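Participant: The sequence shown begins at 18 in this note's numbering and counts up by one.
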Amino acid sequence: TLPDAQPYSLDSETALYARGRWQFERGPALDVGASYGRGHLSAIGAIANSFAPGVDLDQLSLSLGLDVGSLRGAIVGHVLSSDDPAFAGKRWTTLDLGVSWRTPWSGELSVGAQNLWSAPTNSPRDAENAQPRTPYIQYRQDL
Numbered sequence: 018t019l020p021d022a023q024p025y026s027l028d029s030e031t032a033l034y035a036r037g038r039w040q041f042e043r044g045p046a047l048d049v050g051a052s053y054g055r056g057h058l059s060a061i062g063a064i065a066n067s068f069a070p071g072v073d074l075d076q077l078s079l080s081l082g083l084d085v086g087s088l089r090g091a092i093v094g095h096v097l098s099s100d101d102p103a104f105a106g107k108r109w110t111t112l113d114l115g116v117s118w119r120t121p122w123s124g125e126l127s128v129g130a131q132n133l134w135s136a137p138t139n140s141p142r143d144a145e146n147a148q149p150r151t152p153y154i155q156y157r158q159d160l
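#1: Are any of the Cβ atoms in chain B nearer than 9 Å to that of Ser59?
#2: Quick one: grab the DSSP three-state call for Pro152.
#3: Terminal residues of the continuous beta strand (DSSP E) containing Ile92?
#4: Could you tell me which of Arg89, Ser98 and Gln155 sits nearest to Ser78, measuring between CA atoms?
#5: Nearest-angstrom Cα distance between Phe41 and Thr151?
#6: What are the boundary residues of the beta strand (DSSP E) that Ser123 is part of?
#7: Quick one: using the 10 Å Cβ neighbour count with 16 as the cut-off for buried, is Gly86 buried or exposed?
#8: Leaving out five residues before and five after Gly44 in sequence, what residues of the same chain have Cβ atoms less than 8 Å from its Cβ?
#9: Between Gln155 and the rest of its own chain, which residues show a CB-CB distance below 7 Å, the 5 nearest in sequence each way excluded?
#10: So, using beta-carbon positions, are Leu88 and Val116 closer together than 9 Å?
#11: Leaving out five residues on either side along the sequence, give the residues of the same chain with a beta carbon under 7 Å from the beta carbon of Asp28.
#12: Nearest CA to the CA of Arg36: which residue from Glu30, Ser26 and Val49?
In structure tokens, the structure reads:
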């Protein structure tokens, strides 16, 4: 959500994705990914009636993963920024970390945290705008 908690809707979006995977003989595999997206948000409801300008947002994500046998781990960094004057150059940065184990009975157990580290990078007093850390445990079973 945007820091001012105003109601907005996504008008347009442009995205670019790239992913690479390197398998080292019959051993571990390395995954590298990157994405860039740009979106334009427009105010809705009472705010739109006041002719509020839209907001342009840029998001960059970089990921690094490693598979070794039945274990897989990944770390993903995200940066969200806007050149809109309403946000005065604010940027929000987060880091996600997760580990998964593929069970012998075709299940997968994953543990990790989203926003393991999260902070706006504008000033220390904006720390209250940081997204909360969200730990998770997930189990999936192939049927």
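Here a beta-carbon is modelled for each residue, glycine too, at the ideal position from N, C-alpha and C. Source: prediction; values computed, not measured.
Facilitator: Considering the structure as presented:
#1: Absent here is chain B; the protein component of the structure consists of one chain.
#2: Indexing the sequence shown from 1 puts residue 152 at position 135. Looking at Pro152 - three-state DSSP - the assignment turns out to be strand.
#3: In the sequence shown, residue 92 corresponds to position 75, counting from 1. First-last of the beta strand (DSSP E) with Ile92: Leu88 to Ser98.
#4: For the purposes of this step, residue 78 is taken as residue 61 along the sequence shown, with counting starting at 1. Scanning Arg89, Ser98 and Gln155 for the CA closest to the CA of Ser78 turns up Ser98.
#5: Taking the sequence shown and counting its residues from 1, the one referred to as residue 41 is at position 24. Taking the sequence shown and counting its residues from 1, the one referred to as residue 151 is at position 134. Rounded to whole angstroms, Phe41 to Thr151 spans 33 Å at the Cα level.
#6: Within the sequence shown, numbered from 1, the residue matching residue 123 stands at position 106. Looking at the DSSP string, Ser123 is not in any beta strand (DSSP E), and its letter there is neither H nor E.
#7: Taking the first residue of the sequence shown as position 1, residue 86 is located at position 69. Its Cβ having fewer than 16 others within 10 Å, Gly86 is exposed.
#8: For this step, residue 44 is matched to residue 27 along the sequence shown. The answer, listed in chain order, is Val85.
#9: Stepping through the sequence shown from its first residue, residue 155 is reached at position 138. Cβ within range, chain order: Ser127.
#10: Position 71 of the sequence shown, counting from 1, holds the residue named residue 88. Position 99 of the sequence shown, counting from 1, holds the residue named residue 116. Yes, the Cβ-Cβ distance between Leu88 and Val116 is below 9 Å.
#11: On the sequence shown, position 11 is the one that residue 28 refers to. Around Asp28: His57, Leu58, Ser59 and Gly71.
#12: Your numbering for residue 36 matches position 19 in the sequence shown. Ranking Glu30, Ser26 and Val49 by Cα distance to Arg36 puts Val49 first.
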